[in-house]
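Enquirer: Sharing a structure with you now.
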Amino acid sequence: MLLSLFALQVQAQFPNVWTVNGTYKIGTYNVTPQLFMTINPSTLAVEWQAELPGNDPTQVWTIKDHRTPASGGLMEIWATIPGVGNFTMTTSSDMSSHPTYVMSVRAGDPMSVTSGDYSGLDQFQRRRTNGFSGPGNNALFFRTTAGTNSRFGAVPSAAGTAVQFDGGAIDPLEFFLLAPLSTEAF
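Convert by adding 16 to the 1-based position in the sequence shown; the result is the number in this note's numbering.
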């Protein structure tokens, strides 16, 4: 019984993390109520919302190694809206706002670019927050032509808040794995 309690305590210390290419819901960590990255269908903004029933496609993200990464660890994040198509997570901000970006989506798949080209504005880097030593990754950086120091670090205060990356502290996210991608998906 003591070992069971210890196992539960250790498991509780590790949030849901990115471990494999797959479909995920991306949520806030240690925020009540928990909020999830959601596509606003009327504005195409990515904002924080309460969890929607079922696996609503505006909250389900495919996260996998980027199709043409400029360096290791870069991933693409996109959603599929049935009957409409794929929407790639990107930014609506211009480079003058670096390292602060507000996330949005654009219609279509992530861009195929040559090595060293970040102009598609759709390359994210899986990372760990300071002090996190568990398996997997619990944080994201956003890679642009202006640099790599844009990271998720703007914890939302309420539903409807824009998803934002900035140059501040690295804040954790929770990645709820819905299904790993099969090798055929690659």
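The beta-carbon is built from N, C-alpha and C at its ideal position, and this holds for glycine as well.
What is the DSSP secondary structure of Ala23, reduced to helix, strand or coil?
Expert: Legend: pLDDT at Ala23 = 41, less than 50; position of this residue unreliable, no value from coordinates given.
Enquirer: Report the rounded CA-to-CA distance for Asp138 versus Leu197, giving the unit in angstroms.
Expert: So the alpha carbons of these two residues sit roughly 19 Å apart.
Enquirer: Taking C-alpha atoms, which residue in Gly150, Thr48, Asp72, Thr160 lies nearest to Glu92?
Expert: When only C-alpha atoms are compared, the closest one is Thr160.
Enquirer: Find the nearest neighbour of Ala185 within the set Ala178, Arg143, Ala162, judged by alpha-carbon distance.
Expert: That would be Arg143, whose Cα lies nearest to the Cα of Ala185.
Enquirer: Label Ala23 either buried or exposed according to how many other C-beta atoms from any shown protein chain fall within 10 Å of its C-beta, with 16 as the threshold for buried.
Expert: Only weak support exists for where Ala23 lies, its pLDDT of 41 falling under 50; the coordinates are left without a value.
Enquirer: Could you spell out the range, first to last residue, of the beta strand (DSSP E) harbouring Val62?
Expert: Val62 -> beta strand (DSSP E) spans 62 to 65.
Enquirer: Taking its Cβ as the centre, do 16 or more other Cβ atoms sit within 10 Å of Met111, making it buried, or is it exposed?
Expert: Burial call: exposed.
Enquirer: Under a Cβ-count criterion, where at least 16 other Cβ atoms within 10 Å of its own Cβ denotes burial, should Thr107 be classed as buried or exposed?
Expert: Thr107 should be labelled buried.
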